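End of the sequence shown sits at 138 in the numbering used here; the numbers just go up one at a time, nothing left out.
Don't be surprised by glycine CBs; every beta carbon is placed ideally from N, CA and C.
Here the structure is a predicted model, which is why all the values come from computation and not from measurement.
One structure is given below, encoded as structure tokens.
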Amino acid sequence: MRALLCAAVFAICITSTNSPALAGGDTADILTGAAWQVIQINGKPTLEDAPASLQFDSDGTLAGQGSCNRYTARYSMIGDGLKIDPRIAATRMMCPPGPMEQEQRFFAVLPTLNEVSILADGGLQLIGSDGSFLLVRR
Numbered sequence: 001m002r003a004l005l006c007a008a009v010f011a012i013c014i015t016s017t018n019s020p021a022l023a024g025g026d027t028a029d030i031l032t033g034a035a036w037q038v039i040q041i042n043g044k045p046t047l048e049d050a051p052a053s054l055q056f057d058s059d060g061t062l063a064g065q066g067s068c069n070r071y072t073a074r075y076s077m078i079g080d081g082l083k084i085d086p087r088i089a090a091t092r093m094m095c096p097p098g099p100m101e102q103e104q105r106f107f108a109v110l111p112t113l114n115e116v117s118i119l120a121d122g123g124l125q126l127i128g129s130d131g132s133f134l135l136v137r138r
């Protein structure tokens, strides 16, 4: 079984192959709640000592850790799709070069996201309109 849930331009589409999460719940239920840990940015594993995360709250807030700094943005559900506001607010602390570079890559990918695939292991692959991507897991 393959499910495809999409919305308008700049929305994230959720694609699932035999996903029990999608079969029994809606998009908001899948995304909200626990934080999603970023494990790869454009194919490069994230630094273990500088995690990045995303947490979708039911009030339309996306927040998390960007490797060095906390960030927040707004998102909205459009039917079964998701739109993330590209205006990201973040603290401005300096960190060592590795975590800072990772955070810059993470913040550059977020506004491009337009597709989400539910992975067999329960993780997500968030794909950008330019082919960039994040792999995340709970």
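Reduced DSSP secondary structure (H/G/I, E/B, other) of residue i
i: E101; result: helix
i: L47; result: coil
Buried versus exposed, by CB contacts within 10 Å (16 or more), residue i
i: A120; result: exposed
i: P97; result: exposed
i: T46; result: buried
i: S129; result: exposed
i: G131; result: exposed
i: A73; result: buried
Contact set for residue i: own chain, Cβ-Cβ below 6 Å, skip 5 residues either direction
i: M93; result: C68 and N69
i: S19; result: Confidence at S19 is low in this model, with a pLDDT of 36, below 50, so its placement is unreliable and the value that follows should be read with caution. Taken in chain order, the residues that qualify are I118.
i: V38; result: T46, A52, L134 and V136
i: P111; result: P86
Chain-order list of residues whose beta-carbon lies under 7 Å from that of residue i (same chain, five-residue window excluded)
i: T91; result: N69 and R70
i: F56; result: L31, T32, L62 and Y75
Start and end residues, beta strand (DSSP E) containing residue i
i: A52; result: A52 to F56
i: G64; result: T61 to Q65
Residues near residue i by beta carbon distance below 8 Å, same chain, minus five either side
i: F107; result: G66, Y71, I88 and A90
i: R138; result: A34, A35, W36, Q37, G122 and G123
Report the residue ranges of all beta strand (DSSP E) runs contained in full by the region 86-138; include only those spanning at least 3 residues, in chain order. Runs of the beta strand (DSSP E) inside the region 86-138: 113-118, 124-128 and 133-137.
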